[in-house]
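When the sequence shown is numbered by our numbering, its final residue is 143 and no position is left out of the sequence of numbers. Beta carbons: idealized from backbone N, C-alpha and C, even for Gly.
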Amino acid sequence: MPVKIRLQRHGAKKKPYYFIVVADSRAPRDGKFIQKIGIYNPLTVPATISIDRNKALHWLQKGAQPTDTVRRILSFKGILYLKHLLRGVKLGLFDEQTAWERFEKWNAEHEKKIAARREYHKKARMQQATPVVKKVEDEAKSASSSNPDAKPAAE
């Protein structure tokens, strides 16, 4: 049975969210599936991804083929990297403890990058939310500071 790891669409029109499921490739997109392994919400900034690492790794090792989008999600979460490391353990290149140490190191660096990206988006939203009145007041202050003889505008 050809097994795929793919997205199953849910939600309202123009407001999708997806279940990440393991399904027979011949089954309909939103139809029968074998196991639900996570969720993906592209509407949040950054996108919300929640996935069971052990279930995904189990199905990948059994030979399930992820679709292109799911492959990007699994790569982003480090599951494909973990599969790569565990293959090295199986081939005898290094032991399992070393593989997990490498994965934890990568995961810590990756989490720092994600936190920085969230902080950047948060600051950008705050700058966009600055009220127009405050912008006008700031412009008035900068104009008055450049010309000290000018009279303040009557309110």
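Would you grab the beta carbon distance between residue i and residue j for me? Rounded to a whole angstrom, and I think it's under 8 Å.
| i | j | result |
| --- | --- | --- |
| D12 | V(-9) | 6 Å |
| K71 | I37 | Their Cβ separation, rounded to whole angstroms, is 17 Å, which puts K71 and I37 out of contact at 8 Å. |
| R(-3) | V9 | Not really, about 11 Å apart at Cβ, beyond 8 Å. |
| L62 | A35 | Not really, about 14 Å apart at Cβ, beyond 8 Å. |
Indicate the three-state DSSP secondary structure (helix, strand or coil) for residue i in the structure shown.
| i | result |
| --- | --- |
| R41 | helix |
| R(-3) | strand |
| G76 | helix |
| V10 | strand |
| T36 | strand |
| K20 | coil |
| K(-8) | strand |
| K100 | helix |
| K3 | strand |
Which value, in whole angstroms, describes the spacing of the CA atoms of residue i and residue j?
| i | j | result |
| --- | --- | --- |
| R87 | K129 | According to the sequence shown, residue 87 is Ala rather than Arg. Approximately 59 Å, taken between the alpha carbons. |
| I67 | A112 | 30 Å |
| Y69 | L48 | 12 Å |
| G(-1) | R14 | 23 Å |
| Q116 | E107 | 14 Å |
| M114 | N42 | 38 Å |
| Q85 | D40 | 21 Å |
| K1 | Q23 | 25 Å |
| Y5 | D83 | 39 Å |
| R75 | A96 | 21 Å |
For residue i, which residues in the same chain have their Cβ closer than 7 Å to its Cβ, ignoring the five residues on either side in sequence?
| i | result |
| --- | --- |
| A33 | Per the sequence shown, the amino acid found at residue 33 is Val instead of Ala. Cβ neighbours of V33 beyond the five flanking positions: H109. |
| H98 | G66 |
| T57 | L(-5) |
| L73 | A87, R90, F91 |
I'd like the list of long-range same chain contacts for residue i, defined as Cβ closer than 6 Å, with 5 residues on each side in sequence excluded.
| i | result |
| --- | --- |
| D126 | none |
Leaving out five residues before and five after residue i in sequence, what residues of the same chain have Cβ atoms less than 8 Å from its Cβ?
| i | result |
| --- | --- |
| R105 | P34 |
| K20 | A11, D12 |
| I25 | I(-7), I8, V9, V10, I39, D40, K43, A44, W47 |
| R59 | L68 |
Three or more C-beta pairs below 8 Å linking the region 88 to 96 and the region 28 to 42: no
At least 3 beta-carbon pairs within less than 8 Å: the region 52 to 65 vs the region 77 to 85: no
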